[in-house]
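Residues 1 to 170 in UniProt numbering are what the sequence shown lists, from first letter to last. The structure appears right after this line, and notes come after that.
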Amino acid sequence: MRASQQRQYEEIQRQFMNQATPPSTASSSTGPVMPLANTDSLKERLGTPATFDASDLSLYPSWRLDMLAKLEVDGTAIGSLTNQAWYVSGRLTGRAKQKFHPWMEACGPSLRTPENIFKHLDILFKDTAAQQKALDWLQNARQRNTPLQPFSQILTLRFWRQADSSGKIE
């Protein structure tokens, strides 16, 4: 049996070498041989996202977006969907980890996907009333006799000032 395995190994090596090096002709020379697999695709391109500890729930949407971007760009470098799910779980700390850990522990391996994880995290941490709060605020904002351009600048400044100071839109 060992001899047949050795022959199979040698045959695979020959096939690989034939694929890696193009047949050369006497009249022309070729450039360097390109590797078959792109090793750069396995390197992470984005930095490590910040952790989320649920101390300020207004930070959850931006953390979620950072995690989705990380998985979209570097998902192949991280590995399988299960590995990606563990990666997301690893970026939780403190109270967020305490609230999420029981679900991750009870969840079967086939259900440990980023999609399912974000569904559960949304249930735990997403502000479901944020859209309604923003609509209410816009509905209550009064332009009165202020021209549109200065009014839009006032709205923009107020929005960013409130978002920076409290993370909430009133």
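Backbone N, C-alpha and C fix where the C-beta goes; we use that ideal spot for every residue, glycine too.
Let me confirm a value: residue i is counted as buried when at least 16 other C-beta atoms fall within 10 Å, else exposed. Which label applies?
i, result
"K70", "buried"
"W63", "buried"
"R112", "buried"
"I78", "buried"
"G31", "Annotation note: pLDDT 44 at G31 (below 50); position unreliable, coordinate value reported separately. With fewer than 16 other Cβ atoms within 10 Å, it is exposed."
"I117", "buried"
"L92", "buried"
Does the Cβ of residue i lie closer than 7 Å to at least one heavy atom of the ligand MN?
i, result
"H101", "With respect to small molecules bound, the structure shown includes none, and the ligand MN cannot be examined in it."
So, with DSSP's three-state summary, where would you put residue i?
i, result
"M34", "Caution applies to M34, whose pLDDT of 44 falls short of 50 and renders its modelled position unreliable; the model cannot decide the point."
"L81", "helix"
"L46", "coil"
"T25", "For T25, the predicted structure reports a pLDDT of 46, less than 50, and the residue's modelled location is therefore unreliable. A value from the coordinates is still provided. Three-state DSSP puts T25 in coil, outside helix and strand."
"Q15", "helix"
Pop quiz: residue i and residue j are said to be a contact at Cβ under 8 Å. What is the actual Cβ separation, rounded to whole angstroms?
i, j, result
"A85", "P114", "6 Å"
"L155", "A134", "Actually they do not touch by this definition, with Cβ atoms about 12 Å apart."
"L42", "V73", "Rounded, the Cβ-Cβ distance is 13 Å, inconsistent with contact."
"K126", "Y60", "6 Å"
"Q143", "F151", "5 Å"
So, using beta-carbon positions, are residue i and residue j closer together than 8 Å?
i, j, result
"S89", "M67", "no"
"D53", "A96", "yes"
"T82", "P102", "no"
"F100", "L65", "no"
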